[in-house]
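In this note's numbering, the protein residues as written are 16 to 272.
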Ligand SMILES: [Zn+2]
């Protein structure tokens, strides 16, 4: 009796699992029925649903991260800034604009912690300066599509003011009113680090950067004395401690004349 019951139970289980499986969609199902194929042909001729438009909706490959804004400028809180005082003395920045920590073609660099990105309070500038830097980044991306992102260092503190050694490392004699920005020369080994020796600097890109920033009509572009970079005398000047970055100083756009 027990044996008969057990056999009957196995038979019931086998039948029910088999029936269950048959209800599931079969990955190896044969081609659609002729009527379904005819529908697909009709759809192909319809201007509303073409096979191409259907294919675009089918996800392929691994999931992609959420898209960045089409333009990094859209993520910036723009304000009309005012630079007060002088870059090296008594400078202040009113309504400064924060450069994003990174964006297409650039990453900010913390020259004290020697890491990316730069801390938030070290990247405030006059809105004209932030706009100009992003324009040069765009040109850089077009010119060197395979180069590593540009490392952008310190601008000014949120309200400007002294940016000396008490803020880390050597500090800055200037960078007080949002009109100065440091940009690091890309390295030949492509590492996202500031160069530590002149031999690590990609000389072709370094000279291109000098030329690109000169074209933005700055007051000064300071470069390192060991790099042999050239530009209009009086604007491009060699300065110690600038063999690993350019320092661009802009005229105060709020000053008359
Ligand atoms: Zn500087």
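Quick reminder that beta carbons are idealized off the backbone N, C-alpha and C, glycines included. Values in this document were obtained by computation on a predicted structure and should not be read as measured data.
Check residue i in the structure and name its three-state DSSP category.
i	result
residue 273	Only positions 16 to 272 of the chain appear in the structure, and residue 273 is not among them; the question remains open.
residue 221	helix
residue 90	helix
residue 128	coil
residue 121	strand
residue 200	coil
residue 236	strand
residue 181	helix
residue 253	strand
residue 154	helix
residue 188	coil
What does the Cβ neighbour count give for residue i, buried or exposed, with the cut at 16 atoms within 10 Å?
i	result
residue 124	buried
residue 221	buried
residue 197	buried
residue 205	exposed
residue 133	buried
residue 184	exposed
residue 254	exposed
residue 195	buried
residue 85	exposed
residue 238	buried
DSSP has residue i in a bridge; who is on the other side?
i	result
residue 140	112
residue 171	139
residue 260	199
residue 216	202
residue 85	Paired residue(s): none; residue 85 is not in a bridge.
Please check the pair residue i and residue j, which I expect to be a contact at CB under 8 Å, by giving their CB distance rounded to whole angstroms.
i	j	result
residue 242	residue 213	6 Å
residue 152	residue 231	That pair is no contact at about 12 Å.
residue 106	residue 99	7 Å
residue 122	residue 164	5 Å
residue 193	residue 111	5 Å
Taking just the CA atoms, how far does residue j sit from residue i?
i	j	result
residue 127	residue 157	30 Å
residue 162	residue 269	35 Å
residue 234	residue 225	13 Å
residue 26	residue 79	Residue placement at residue 26 is poorly supported in this model, since its pLDDT is 43, which falls under 50; the coordinates still yield a value, given next. Roughly 48 Å between the two C-alpha positions.
residue 218	residue 171	27 Å
residue 200	residue 77	35 Å
residue 267	residue 89	25 Å
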